[in-house]
Amino acid sequence: MNEQENTPTNFIRNIIDEDLKINKNNGRVVTRFPPEPNGYLHIGHAKSICLNFGIAKDYNGACHLRFDDTNPSKEETEYIDSIKEDVKWLGFDWGENIFYASGYFGQLYDFAVQLIKMDKAFVCSLSADEIRQQRGTLTEPGQESPYRNRSVEENLELFAKMRAGEFGNGAHVLRAKIDMTSGNLNMRDPVIYRIMHADHHRTGGQWCIYPMYDFAHCLSDAIEAITHSICTLEFEDHRPLYDWVLDTLQTEHHPQQIEFARLNLDFTVMSKRKLMQLVNDKLVSGWDDPRMLTVSGLRRRGYTPASIRNFCEQIGVGKRNSRIDMGILENAIRDDLNEIAPRVMGVLDPLKVIIDNYPEDQTEELEAQNHPQNPEMGSRLVPFSRELYIEQTDFMEEPPNKFFRLGPGREVRLRYGYFITCQSFEKDAKSGAITAIHCTYDPATKGGNAPDGRKVKGTIHWVSARHAVKAQIRLYDRLFEVENPEADKEKDFKEFINPHSLEVLDNCQLEPALTAAQPGDSFQFERQGYFCVETKDSTPEALIFNRTVTLRDSWARENKKG
RNA sequence: UGGGGCGUCGUCAAGCGGUAAGACACAGGCCUUUGACGCCUGCAUUCGUAGGUUCGAAUCCUACCGCCCCAGCCA
Numbered sequence: 043m044n045e046q047e048n049t050p051t052n053f054i055r056n057i058i059d060e061d062l063k064i065n066k067n068n069g070r071v072v073t074r075f076p077p078e079p080n081g082y083l084h085i086g087h088a089k090s091i092c093l094n095f096g097i098a099k100d101y102n103g104a105c106h107l108r109f110d111d112t113n114p115s116k117e118e119t120e121y122i123d124s125i126k127e128d129v130k131w132l133g134f135d136w137g138e139n140i141f142y143a144s145g146y147f148g149q150l151y152d153f154a155v156q157l158i159k160m161d162k163a164f165v166c167s168l169s170a171d172e173i174r175q176q177r178g179t180l181t182e183p184g185q186e187s188p189y190r191n192r193s194v195e196e197n198l199e200l201f202a203k204m205r206a207g208e209f210g211n212g213a214h215v216l217r218a219k220i221d222m223t224s225g226n227l228n229m230r231d232p233v234i235y236r237i238m239h240a241d242h243h244r245t246g247g248q249w250c251i252y253p254m255y256d257f258a259h260c261l262s263d264a265i266e267a268i269t270h271s272i273c274t275l276e277f278e279d280h281r282p283l284y285d286w287v288l289d290t291l292q293t294e295h296h297p298q299q300i301e302f303a304r305l306n307l308d309f310t311v312m313s314k315r316k317l318m319q320l321v322n323d324k325l326v327s328g329w330d331d332p333r334m335l336t337v338s339g340l341r342r343r344g345y346t347p348a349s350i351r352n353f354c355e356q357i358g359v360g361k362r363n364s365r366i367d368m369g370i371l372e373n374a375i376r377d378d379l380n381e382i383a384p385r386v387m388g389v390l391d392p393l394k395v396i397i398d399n400y401p402e403d404q405t406e407e408l409e410a411q412n413h414p415q416n417p418e419m420g421s422r423l424v425p426f427s428r429e430l431y432i433e434q435t436d437f438m439e440e441p442p443n444k445f446f447r448l449g450p451g452r453e454v455r456l457r458y459g460y461f462i463t464c465q466s467f468e469k470d471a472k473s474g475a476i477t478a479i480h481c482t483y484d485p486a487t488k489g490g491n492a493p494d495g496r497k498v499k500g501t502i503h504w505v506s507a508r509h510a511v512k513a514q515i516r517l518y519d520r521l522f523e524v525e526n527p528e529a530d531k532e533k534d535f536k537e538f539i540n541p542h543s544l545e546v547l548d549n550c551q552l553e554p555a556l557t558a559a560q561p562g563d564s565f566q567f568e569r570q571g572y573f574c575v576e577t578k579d580s581t582p583e584a585l586i587f588n589r590t591v592t593l594r595d596s597w598a599r600e601n602k603k604g
């Protein structure tokens, strides 16, 4: 499907439009997506990616991919690789503009020295606990550190020694000298450098002091001459510090920080920390478990890049804390797959049908459209024979009036096949389960049309038993049972995991054309939903499909209503 | 009791002083060899509340009310 040509506007685009009007930044627009490589990207990051790269694209600007790798104790190369893969897969291109905060460590160090020389920063030798105690509270001002008035010379010397590795972790920190009485806690002489004897995944053992976010981020933005630095709401309180650093250092560029509301989705959690817990506690199979709202999970589940981009466009960008309905995400993937997925027949829960008046050893090849709305996608031949499988749910012993499917004496159409009428059925005496049904077919209705013009209300899918390919199908449901797993203050979010979020069906019967399906290929199993070939576990000998999303089912809804 | 934000349909969200877009959801109807898709219709006399300014306010002013974020040597 086509993505909308004109992206809906939002307050950030309005700001940029205004900036352009007054020729701010000489008309340049440069954004950046700055992930910390400490986890996999999720749908919330996708929103930010679409926002930043989308703006760059629409304003003929650029969007930098910059890894905010200032904390070696949490970051790993594995995450860098996955992030790059995910951004690319989503359809965005950073071109030459890939950067690392760690690439600026030298410059950042020099900026810190400059701050010290301006008497705007000092080495503080208080412990972490002491600093916390002296920071004050939300309503009381903090106290100034006893080390606040060290001489510039002493600060310079101490900072050099910090860098040289003469002190252990935590012995000293470098703090900006701002205002311990500020109502904004971030301005109460924030720590901007800490000692951390740890190898960095990119700079190795070169450094044993690392800059804090508030110092590294704004300066990285300035170094790259970013024009609009878009981040989430919780950084609103940091903006004064962002501006303070750049103003005091009088950097050539001073990007504008703009905050927007992060994405929250119903029935899931959206923080890397919590997603990591699910992985580590083995509650899911990994970061790319198809139930995870990670980019890699969605990809494995069968979501397309276009569907995610459309979703991000539909939800908009604002400053309100909101919670988006899962239905919007599902609608986005249905919308895309409806256009592009070939149609195919597969029976998830098979029920044997014997067509008593069909010759025992006969087989026919019936033509089926790959996409009824798009004839260009062609057709295929589907084998038909005396014994078939239909969906267990397509037969009822005592069907209600509005049930359009099979029941004793009822006639239905087999899609692209024949009209069949149920004559009798076999039932397991003990369990009461229907084990097989006997039908007769009308040879005149081949292909699905009755020459006498008679109509049937129902059309059901089927598969020839003799020709069927057996496959495993994994059905997914929302990972959590409650709308907001994080809302309960008493209970841990993991207690709300939906025990039925994964259901594995091992006896599915598919039409033989599916043998040729390749990992990642998506199909619509008619009347069921969209499914894709599992990328990790499926083999040509043992096909495995993931259900991406069901089709809308107004019959099920009607039933629920009662 | 400090500082920073936010309050427009069930859920998102436009709107920027001229008389409430759109999307999803929902309800009806049409179409149908997918109870899918598609199509049509309906869906906020009202914008957290109360005042005020104005010919005119969701948009400006004032005061309340409610919700979110901040006390990492995390980002």
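With our numbering applied, the first sequence covers 43 to 604. Don't be surprised by glycine CBs; every beta carbon is placed ideally from N, CA and C.
query                                                                                                                                                                               : result
Just to confirm, is the Cβ distance from residue 447 to residue 500 under 8 Å?                                                                                                      : yes
Round the Cβ separation of residue 165 and residue 239 to the nearest angstrom and send it over; I've been treating them as touching at under 8 Å.                                  : Going by Cβ atoms, the distance from residue 165 to residue 239 rounds to 17 Å, so no, they are not a contact pair.
Go through its chain and collect everything with a Cβ distance to residue 554's Cβ below 6 Å, but skip five positions before and after it.                                          : 509, 511
How would you call residue 365, buried or exposed, if buried means at least 16 neighbouring beta carbons within 10 angstroms?                                                       : exposed
Residue 96 lies in the beta strand (DSSP E); which residues open and close that run?                                                                                                : Note, residue 96: premise wrong, no beta strand (DSSP E); alpha helix (DSSP H) at 85–100.
By DSSP, does residue 163 sit in helix, in strand, or in coil?                                                                                                                      : strand
Who does residue 284 pair with in a DSSP beta bridge?                                                                                                                               : DSSP, once it has assigned bridges, lists no residue as partnering residue 284.
Just mark residue 418 as buried or exposed, buried being the case when its beta carbon has 16 or more other beta carbons within 10 Å.                                               : exposed
State yes or no: is the C-beta of residue 355 within less than 8 Å of the C-beta of residue 50?                                                                                     : yes
Give the C-beta separation of residue 5 and residue 521 to the nearest angstrom, bearing in mind that I take them to be a contact with Cβ-Cβ under 8 Å.                             : Here the chain comprises residues numbered 43 to 604, so residue 5 is not present and cannot be evaluated.
How far does the alpha helix (DSSP H) with residue 352 in it reach, from first residue to last?                                                                                     : 347–357
Write down the C-beta distance between residue 430 and residue 395 rounded to the nearest angstrom, noting that I regard them as a contact closer than 8 Å.                         : 5 Å
Nearest-angstrom Cα distance between residue 56 and residue 143?                                                                                                                    : 29 Å
Going by beta carbon distance, what residues of the same chain come within less than 6 Å of residue 296, once the five residues before and after it are set aside?                  : 288
Taking the alpha carbon of residue 91 as the reference point, which residue from 351, 242, 360 has its own alpha carbon closest?                                                    : 351
Which one of 235, 201, 291, 261 has the shortest CA to CA distance from residue 170?                                                                                                : 235
Going by C-alpha to C-alpha distance, which of 469, 133, 202 sits closest to residue 159?                                                                                           : 202
Got a sec? Which residues, its chain only, sit under 7 Å from residue 493 by beta carbon, not counting five neighbours each side?                                                   : 486
List in chain order: all unbroken beta strand (DSSP E) runs of 3+ residues lying wholly within the region 124–201.                                                                  : 140–142, 163–166
Leaving aside the five residues before and after residue 382 along the sequence, list all residues of the same chain whose C-beta is less than 7 Å from its C-beta, in chain order. : none
Which residues mark the beginning and the end of the beta strand (DSSP E) in which residue 300 is found?                                                                            : 298–302
Which residue spans inside the region 415–472 form an unbroken beta strand (DSSP E) run of at least 3?                                                                              : 421–427, 429–433, 453–456, 461–469
Which ranges would you report for the beta strand (DSSP E) in the region 302–338 if only whole runs of at least 3 residues count?                                                   : none
Tell me residue 62's beta-bridge partners as DSSP assigns them.                                                                                                                     : Partner(s): none; residue 62 has no beta bridge.
Give the DSSP-derived three-state secondary structure of residue 582 in the structure shown.                                                                                        : coil
Does the beta-carbon distance from residue 108 to residue 147 come in below 8 Å?                                                                                                    : no
Quick one: what's residue 654 bridged to in DSSP?                                                                                                                                   : Nothing can be reported for residue 654: it is not among the residues displayed for the chain, which extend from 43 to 604.
Under 7 Å Cβ to Cβ from residue 580, same chain only, skipping five residues before and after it: list those, please.                                                               : 561, 586
To the nearest angstrom, how far is it from the Cα of residue 385 to the Cα of residue 136?                                                                                         : 36 Å
Pull the bridge partners of residue 392 from the DSSP assignment, please.                                                                                                           : 433
Residue 84 to residue 598, Cα distance in whole Å?                                                                                                                                  : 31 Å
Figure out for me which residue from 311, 265, 357 has the closest Cα to the Cα of residue 149.                                                                                     : 265
Short of 6 Å in beta carbon distance, which residues of its chain neighbour residue 205, apart from the five on each side in sequence? Order them along the chain.                  : 251
Suppose you measure from the CA of residue 468 to the CA of residue 596; what does that come to, to the nearest Å?                                                                  : 30 Å
Within its chain, find whatever has a CB closer than 8 Å to the CB of residue 327; leave out the 5 residues flanking it on each side and keep chain order.                          : none
Please report the straight-line C-alpha distance between residue 45 and residue 537, rounded to a whole angstrom.                                                                   : Residue placement at residue 45 cannot be trusted, given a pLDDT of 38 that sits under 50; the coordinates are not used to answer.
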